Amino acid sequence: MDPRQIRNFSIIAHIDHGKSTLADRFLELTGALRPREMEAQVLDSMDLERERGITIKAHAVRLSYTPEGGEPHVLNLIDTPGHVDFSYEVTRALTACEGALLLVDASQGVEAQTVANAYLAVDQNLEIVPVVNKIDLPGAQPEETMRQIEDIVGLAADDTILASAKEGDGTRAILDAVVDRVPPPAGDPDAPFKALIFDSWYDAYRGVIVLIRVIDGAIRPKMKVRLMARGQDYEVEQVGVFSPKSEIMPELGAGEVGFVIAGIKTVSDAQIGDTLTESSHPTSEPCSGFAEIKPMVFAGLYPVEGHQYADLREALEKLRLNDASFFFEPETSAALGFGFRCGFLGLLHLEIIQERLEREFDMDLVTTAPGVLYRVTTTDGEVSEVDSPAKLPDAGQIEALEEPVITAMILTPADHVGGILQLCQDKRGVQKGLEYLASNRVMITYELPFNEVVLDFYDKLKTLSRGYASLDYHVTGYWTSPLVKLDLLVNEEPVDALSVIAHKDSAYSRGRALAVKLRKLIPRQMFEVAIQATVGGRIIARETVKAMRKNVLAKCYGGDISRKRKLLEKQKEGKRRMKRVGRVEIPQEAFLAVLTVDSE
Amino acid sequence: MPSASSSPPASTADAASASSGDSLLVAPDFGIYLHWPFCRAKCPYCDFNVHIRERVGGSHWSALLAAELAHFRARIGPIAVTSIYFGGGTPSLMAPAVVGALIEKVAATWPEAADIEVSLEANPNDWPNFEGYRAAGVTRLSLGVQSFDDHALRFLGRDHSAATAEEALERALALFPEVSCDLIYMLPGQTVSDWRTALQASLAKVGNQLSLYQLTIEPGTAFHREAEAGRIVPPDSDCAADLYVLSQELCDAAGLPGYEVSNHAAPSHRCRHNLTYWQGGNYVGVGPGAHGRLSENGYRIATRQYRNPETWSDAVRQYGHGTEVSETLDRTREIEEAFLFGLRTVDGISRERFRTLFSQEPETGCDSNSLAVLMRDELLECDAEGLRATAAGRPLLDAILGRLLVAR
Numbered sequence: 034m035d036p037r038q039i040r041n042f043s044i045i046a047h048i049d050h051g052k053s054t055l056a057d058r059f060l061e062l063t064g065a066l067r068p069r070e071m072e073a074q075v076l077d078s079m080d081l082e083r084e085r086g087i088t089i090k091a092h093a094v095r096l097s098y099t100p101e102g103g104e105p106h107v108l109n110l111i112d113t114p115g116h117v118d119f120s121y122e123v124t125r126a127l128t129a130c131e132g133a134l135l136l137v138d139a140s141q142g143v144e145a146q147t148v149a150n151a152y153l154a155v156d157q158n159l160e161i162v163p164v165v166n167k168i169d170l171p172g173a174q175p176e177e178t179m180r181q182i183e184d185i186v187g188l189a190a191d192d193t194i195l196a197s198a199k200e201g202d203g204t205r206a207i208l209d210a211v212v213d214r215v216p217p218p219a220g221d222p223d224a225p226f227k228a229l230i231f232d233s234w235y236d237a238y239r240g241v242i243v244l245i246r247v248i249d250g251a252i253r254p255k256m257k258v259r260l261m262a263r264g265q266d267y268e269v270e271q272v273g274v275f276s277p278k279s280e281i282m283p284e285l286g287a288g289e290v291g292f293v294i295a296g297i298k299t300v301s302d303a304q305i306g307d308t309l310t311e312s313s314h315p316t317s318e319p320c321s322g323f324a325e326i327k328p329m330v331f332a333g334l335y336p337v338e339g340h341q342y343a344d345l346r347e348a349l350e351k352l353r354l355n356d357a358s359f360f361f362e363p364e365t366s367a368a369l370g371f372g373f374r375c376g377f378l379g380l381l382h383l384e385i386i387q388e389r390l391e392r393e394f395d396m397d398l399v400t401t402a403p404g405v406l407y408r409v410t411t412t413d414g415e416v417s418e419v420d421s422p423a424k425l426p427d428a429g430q431i432e433a434l435e436e437p438v439i440t441a442m443i444l445t446p447a448d449h450v451g452g453i454l455q456l457c458q459d460k461r462g463v464q465k466g467l468e469y470l471a472s473n474r475v476m477i478t479y480e481l482p483f484n485e486v487v488l489d490f491y492d493k494l495k496t497l498s499r500g501y502a503s504l505d506y507h508v509t510g511y512w513t514s515p516l517v518k519l520d521l522l523v524n525e526e527p528v529d530a531l532s533v534i535a536h537k538d539s540a541y542s543r544g545r546a547l548a549v550k551l552r553k554l555i556p557r558q559m560f561e562v563a564i565q566a567t568v569g570g571r572i573i574a575r576e577t578v579k580a581m582r583k584n585v586l587a588k589c590y591g592g593d594i595s596r597k598r599k600l601l602e603k604q605k606e607g608k609r610r611m612k613r614v615g616r617v618e619i620p621q622e623a624f625l626a627v628l629t630v631d632s633e
Numbered sequence: 016m017p018s019a020s021s022s023p024p025a026s027t028a029d030a031a032s033a034s035s036g037d038s039l040l041v042a043p044d045f046g047i048y049l050h051w052p053f054c055r056a057k058c059p060y061c062d063f064n065v066h067i068r069e070r071v072g073g074s075h076w077s078a079l080l081a082a083e084l085a086h087f088r089a090r091i092g093p094i095a096v097t098s099i100y101f102g103g104g105t106p107s108l109m110a111p112a113v114v115g116a117l118i119e120k121v122a123a124t125w126p127e128a129a130d131i132e133v134s135l136e137a138n139p140n141d142w143p144n145f146e147g148y149r150a151a152g153v154t155r156l157s158l159g160v161q162s163f164d165d166h167a168l169r170f171l172g173r174d175h176s177a178a179t180a181e182e183a184l185e186r187a188l189a190l191f192p193e194v195s196c197d198l199i200y201m202l203p204g205q206t207v208s209d210w211r212t213a214l215q216a217s218l219a220k221v222g223n224q225l226s227l228y229q230l231t232i233e234p235g236t237a238f239h240r241e242a243e244a245g246r247i248v249p250p251d252s253d254c255a256a257d258l259y260v261l262s263q264e265l266c267d268a269a270g271l272p273g274y275e276v277s278n279h280a281a282p283s284h285r286c287r288h289n290l291t292y293w294q295g296g297n298y299v300g301v302g303p304g305a306h307g308r309l310s311e312n313g314y315r316i317a318t319r320q321y322r323n324p325e326t327w328s329d330a331v332r333q334y335g336h337g338t339e340v341s342e343t344l345d346r347t348r349e350i351e352e353a354f355l356f357g358l359r360t361v362d363g364i365s366r367e368r369f370r371t372l373f374s375q376e377p378e379t380g381c382d383s384n385s386l387a388v389l390m391r392d393e394l395l396e397c398d399a400e401g402l403r404a405t406a407a408g409r410p411l412l413d414a415i416l417g418r419l420l421v422a423r
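Those protein sequence lines, which keep their order, are chains L and V. Here the first sequence stands for residues 34 to 633, numbered as in our numbering. Here the second sequence stands for residues 16 to 423, numbered as in our numbering.
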């Protein structure tokens, strides 16, 4: 098809700013779905996505749209993941577009993530169309929001479209702007076939389905194609588009967006950002910016019941089929038994996997406190990466310990700057910039140890700013820190799953706080329970859970044992949430206590 | 609660139809429990199946109870009755003639052991009935004293005074071979020394049996609502332990050692009926909400009657019984019950009886790991007689049972 009739665009928006609702309006207006086929928010196809209101996977929908008195056009809406964990996917999706809608909630204003993604779009030379959404809300401040867009992102307020996706206002104006302002794809139909992979997923019946943006040339069934990162060749079985139902096409030409099915076995073979080309006439220039996705956050996942280990492995393998960024390997914990060390893109990614395991695979899990990937140089000069406190060599063998550092961009109303700066300092941050923007907003840039951010930074930021500050970050490097391993002992037995790597200066107060927290979380047992925190074998804190002394129903009346039976059932249920370490029953939430402990 | 007409009571046919059992399952003791669900007023701590009705036709209700007795006789056959127990509610609201008629009905329905125990729970206010009860054949009066202190009685919402309680107790002691008193302790704010004084004074007055119940705040009671609103603050479990330990000491010293978690008696004065529950014996339960355990065709059956008095009475009139639940216990559940009931007593689970019932040792009926740990911690002990909780273990029984039975 004629590339001049194609527009490829995505929507940049913060969570809850109305992206999915707007996408639904597009589908309605273009007749892609009849009203009775509309399921609210079609694009978020996973239950979890719909519930959380965020997009985890990218999607692409082909819309047919004819502006009034104009030519028919094909608009490809490429949806982008809406969370900082998935920023690599965002950049790849943006690369597949020529334009982007910058969607901002008129009552919330511009958020850090929106800014970060808008900058990414600017970097990619995308045409950006600002849209102020939710103008129907009582608290809407469209003028103010437009000023923020102008000041913070640098986009002219005049070009902004006012909309209410909920009411359907402005939908046509937005699509007209996409046609008028977003440039058509530039590509050479006669050059060797070259396409960018911006998403892929595993389908039990059809194998891996790959979403591509064709740059040059065309792809059609029976063609031999190559995935350039691994140099593997496949034969194309089918090509097509989602509108949003899948439609098989004879070919996808330059500038078009669609799917390819080519007998690819796993998603890790078709990595996001990789280039697809023709085996016999490969392109000389693969798409730039490809990187293997690397997990950043690590945690142990353990079945509560040991016999669920095999099931857990199977479940993890299934999830991995569809998620190349997720990593796992067997791990053994003295406290928790057999489980898996798992790597995630970030905390949200972890939560999603955890929730899917519990919900879709009916697993009862204990998750240990998430940590980051440390870099250790031992005294014999070897450098290795450590994804778990348990794997840290003895203090005597460590020459240097490096931790990952992020550059964080925080956007906040000016009132909260003081508290946020204090928080960043407390978290061992180094200030990189502070800028007062229009409308009383401040952009703060900090370098922060990633570990501290994984811990509880985001929750604190939200609390400090009453929810108004927003955060975006990316890992930018490593720095050397005086880090130590903090261990917890319950009745003299080390609970390896509770060990954390902490900064030397905060290890003592964290150890104390952690011991106190555990004392509160571990229920009284039939014997006294001692909780100790140690650093390098030295006890730095001790707490005691006193022995339970009375726990019996007073009455067993008239031969009625039903209350006792109910109690027994409750105990059985409760046991599912407990992990026994030595003789002590430790509730699952204790293993996450390390997360929420303040080192005062 | 469904009405009896729309939902017929559980049929007896579902109980068990398989092979007839041998006589191994015949329990040594067999009790009859009759539930009288009515009270003058509901006490703020009480969550039993208790109802307030303006008028209760005594002979009418007793006819219904008698009908249920006949029904159960048809189910289980002629076994010698060793105890009868009138519980409630307030059974002392029944006229002595009604009590007498029911005792006679039991005698006419089953053979009776020569030394049969006939218990009746009484409110101290009803002392004028005592002579009549004794004449009707009641041998053991269980008196709901709760406290000999007027202040505590008012807090507990009792409708009698301390003086009435003392008077009723004196009369009962003069009339009945066995008299038991119920006392409630661990009231909000009660200290160890308060309870020492109160219990010592009580021990000077009571007979050969005594039940000491810690006040617990149960859902659905007035006290629960008060506690939710923060108007009463129940003592914590450490206080509960202190008061419990003190109770054991004082009762031991007074010659009324504990023989169950909350029950005390002088040697050879234990309540036979209650022991039947705890030792896994059979008992028929008639009246609204009554529970029973029967051996039928070699299976152990748990029964429960409709709780609501009117639903129950409709069912009895229509079907001859008001059984809402009649279920066959599987072996796991039966063993579980042997532990739940048996460990409450000082004698614990009898090895001989456990062997007879289950052809295995009691140690094999629970999680062996937990058992070993609990024995090492001296919370449980085992010997040729059986498996029991120690004095230190008994107050922790629920936690112990959690370990023993949940870990399997």
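Note that the Cβ used here is the ideal one computed from N, Cα and C, for glycine as well. Predicted model only: the values in this text are computed from it and were never measured.
**OP:** Would you verify that the beta carbon of Glu352 of chain V is, or is not, closer than 8 Å to some beta carbon of chain L?
**Re:** The residue you call residue 352 of chain V lines up with position 337 of the second sequence. Chain L contact via Cβ: present.
Task: Bridge partners - Ser226 of chain V, DSSP secondary structure assignment - done: Mapped onto the second sequence, residue 226 of chain V falls at position 211. Ser226 of chain V pairs with V:Asp197, V:Asn278.
Inset, instruction - Please say whether Leu395 of chain V and Ile364 of chain V have beta carbons closer to each other than 8 Å? - result: As a working mapping, residue 364 of chain V is identified with position 349 in the second sequence. As a working mapping, residue 395 of chain V is identified with position 380 in the second sequence. Contact: no.
With 8 Å as the threshold, decide whether the Cβ of Val276 of chain V is near any Cβ in chain L.
By 1-based counting over the second sequence, the position of residue 276 of chain V is 261. Cβ-Cβ to chain L under 8 Å: yes for Val276 of chain V.
Query - the region 178 to 194 of chain L / the region 223 to 232 of chain L touching (three or more Cβ pairs under 8 Å) - result: no
Check your understanding: What did DSSP end up calling Arg239 of chain L once you bin it into helix, strand or coil?
Key -> Position 206 of the first sequence, counted from the first residue, corresponds to residue 239 of chain L. It is coil, neither helix nor strand.
Quick one: complete beta strand (DSSP E) runs, 3+ long, within the region 455 to 532 of chain L?
463 to 469, 474 to 482, 503 to 513, 516 to 523
* **Residue nearest to Leu345 of chain L in terms of C-alpha spacing, selected from L:Asp356, L:Ser366, L:Val486, L:Gly372** => As a working mapping, residue 345 of chain L is identified with position 312 in the first sequence. Minimum Cα distance to Leu345 of chain L is reached at L:Gly372.
Endpoints, beta strand (DSSP E) assigned at Pro336 of chain L: What you label residue 336 of chain L is simply residue 303 of the first sequence in a count that begins at 1. Start and end: 330 to 336.
Checklist line | Residue from L:Leu369, L:Val614, L:Arg246, L:Glu525 with nearest C-alpha to Arg571 of chain L | finding: In the first sequence, residue 571 of chain L corresponds to position 538, counting from 1. Minimum Cα distance to Arg571 of chain L is reached at L:Glu525.
Residues in the region 522 to 546 of chain L with C-beta within 7 Å of chain V's C-beta atoms, listed in sequence order? none
To which residues of the same chain is His50 of chain L closer than 7 Å at the C-beta, ignoring the five residues directly before and after it? Locating residue 50 of chain L in the first sequence gives position 17, counting from the first residue. Cβ neighbours of His50 of chain L beyond the five flanking positions: Leu136, Val137, Asp138, Gln141, Asn166.
- Are Tyr625 of chain L and Ala402 of chain L close, meaning C-beta to C-beta below 8 Å? Here residue 625 of chain L corresponds to residue number 592 of the first sequence, with the count starting at 1. Here residue 402 of chain L corresponds to residue number 369 of the first sequence, with the count starting at 1. For the sequence presented, residue 625 of chain L should be read as Leu rather than Tyr. The answer is yes: Cβ separation under 8 Å.
CB contact below 8 Å: Gln205 of chain V versus chain L: The sequence position of residue 205 of chain V within the second sequence is 190, counting from 1. No, no contact with chain L.
Item checked: Where Phe42 of chain L sits in the DSSP three-state scheme -> Within the first sequence, the letter at position 9 stands for residue 42 of chain L. Of the three classes helix, strand and coil, the one that applies to Phe42 of chain L here is strand, per DSSP.
Does Arg55 of chain V pass the burial test, meaning 16 or more other C-beta atoms within 10 Å, or should it be called exposed?
Counting from one through the second sequence, the residue named residue 55 of chain V turns up at place 40. Looking at its Cβ environment, which holds fewer than 16 other Cβ atoms inside 10 Å, Arg55 of chain V is exposed.
Worksheet item: For Val215 of chain L versus Phe42 of chain L, is the C-beta distance shorter than 8 Å?
Response: As a working note, residue 215 of chain L is residue 182 in the first sequence. As a working note, residue 42 of chain L is residue 9 in the first sequence. In contact: Val215 of chain L and Phe42 of chain L (Cβ atoms closer than 8 Å).
(message) Please state whether the Cβ-Cβ distance between Gln102 of chain V and His50 of chain V is less than 8 Å.
(response) Sequence index remark: in the second sequence, residue 102 of chain V carries index 87 (1-based). Sequence index remark: in the second sequence, residue 50 of chain V carries index 35 (1-based). Note on residue identity: the sequence assigns Gly, not Gln, to residue 102 of chain V. Their beta carbons are under 8 Å apart, which means Gly102 of chain V touches His50 of chain V by this criterion.
- Item | Beta-carbon contacts of Arg186 of chain V that lie in its chain and below 7 Å, excluding the five residues immediately before and after | On the second sequence, position 171 is the one that residue 186 of chain V refers to. Around Arg186 of chain V: Trp142, Phe145.
- Just the chain V side, please: which residues come within less than 7 Å of Asp593 of chain L by C-beta, in chain order? For this step, residue 593 of chain L is matched to residue 560 along the first sequence. Result: His306.
Under DSSP, the alpha helix (DSSP H) around Trp125 of chain V begins and ends at which residues? Here the question's residue 125 of chain V lines up with position 110 in the second sequence. Careful: Trp125 of chain V lies outside any alpha helix (DSSP H) and carries neither H nor E.
Beta carbon of Asp62 of chain V nearer than 8 Å to that of Leu600 of chain L:
Here residue 62 of chain V refers to the residue found at position 47 when the second sequence is read from its first residue. Here residue 600 of chain L refers to the residue found at position 567 when the first sequence is read from its first residue. Contact flag unset, no.
Please report the straight-line C-alpha distance between Leu398 of chain L and Ile385 of chain L, rounded to a whole angstrom. Here the question's residue 398 of chain L lines up with position 365 in the first sequence. Here the question's residue 385 of chain L lines up with position 352 in the first sequence. Going by the C-alpha atoms only, they are around 13 Å apart.
By alpha-carbon positions, which one of L:Ala56, L:Ile573, L:Tyr121 ends up nearest to Leu522 of chain L? Stepping through the first sequence from its first residue, residue 522 of chain L is reached at position 489. Considering only alpha carbons, the answer is L:Ile573.
Using the Cα positions of Asp112 of chain L and Ser317 of chain L, report the straight-line distance between them to the nearest angstrom.
Taking the first sequence and counting its residues from 1, the one referred to as residue 112 of chain L is at position 79. Taking the first sequence and counting its residues from 1, the one referred to as residue 317 of chain L is at position 284. C-alpha separation (whole angstroms): 29 Å.
| message | I need the DSSP call for Tyr60 of chain V, collapsed to helix, strand or coil. | response | In the second sequence, counting from the first residue as 1, residue 60 of chain V sits at position 45. Under the three-state reduction of DSSP output, Tyr60 of chain V falls in the coil class, being neither helix nor strand.
Open item on the list: With distance defined between alpha-carbon atoms, name the residue in L:Ser312, L:Ile39, L:Ser321, L:Met282 nearest to Gly264 of chain L.
Closed with: Here residue 264 of chain L is taken as the residue at index 231 of the first sequence, counted from 1. Comparing Cα-Cα distances from Gly264 of chain L to each of L:Ser312, L:Ile39, L:Ser321, L:Met282, the minimum goes to L:Ser312.
Output the boundary residues of the beta strand (DSSP E) element that contains Cys397 of chain V.
As a working note, residue 397 of chain V is residue 382 in the second sequence. Element bounds for Cys397 of chain V: 395 to 397.
Legend entry - Burial state of Thr291 of chain V (16 or more Cβ within 10 Å): Within the second sequence, numbered from 1, the residue matching residue 291 of chain V stands at position 276. So Thr291 of chain V counts as buried.
Is Ala348 of chain L a contact residue of the ligand GTP, with contact defined as CB to any heavy atom under 7 Å? Looking for the ligand GTP in the displayed structure turns up nothing, as the structure carries no ligands at all.
(request) Give the C-beta separation of Leu531 of chain L and Pro620 of chain L to the nearest angstrom, bearing in mind that I take them to be a contact with Cβ-Cβ under 8 Å. (result) Locating residue 531 of chain L in the first sequence gives position 498, counting from the first residue. Locating residue 620 of chain L in the first sequence gives position 587, counting from the first residue. Actually they do not touch by this definition, with Cβ atoms about 13 Å apart.
* To do: Mind listing the chain L neighbours of Ala255 of chain V? Cutoff is C-beta to C-beta under 7 Å, in chain order.
  => Numbered from its first residue, the second sequence carries residue 255 of chain V at position 240. Ordered by position in chain L, the residues that pass the 7 Å Cβ test against Ala255 of chain V are Lys583.
Note to self: Using only the alpha-carbon positions, how far apart do Ala324 of chain L and Leu411 of chain V sit?
What the structure shows: The residue given as residue 324 of chain L occupies position 291 in the first sequence. The residue given as residue 411 of chain V occupies position 396 in the second sequence. Roughly 60 Å separates the two Cα atoms.
- Task: Count the other CB atoms, across all protein chains shown, that sit within 10 Å of the CB of Val121 of chain V; report buried if there are 16 or more and exposed otherwise.
- Result: Translated into the one-based positions of the second sequence, residue 121 of chain V becomes position 106. Per the 10 Å Cβ criterion, buried.
| field | Limits of the beta strand (DSSP E) - the one that Val331 of chain V falls within | value | Here residue 331 of chain V refers to the residue found at position 316 when the second sequence is read from its first residue. Secondary structure note for Val331 of chain V: it is in no beta strand (DSSP E), and the uninterrupted alpha helix (DSSP H) holding it is 324 to 334.
I want to know whether the region 155 to 162 of chain V touches the region 194 to 209 of chain V - three or more CB-CB distances under 8 Å.
yes
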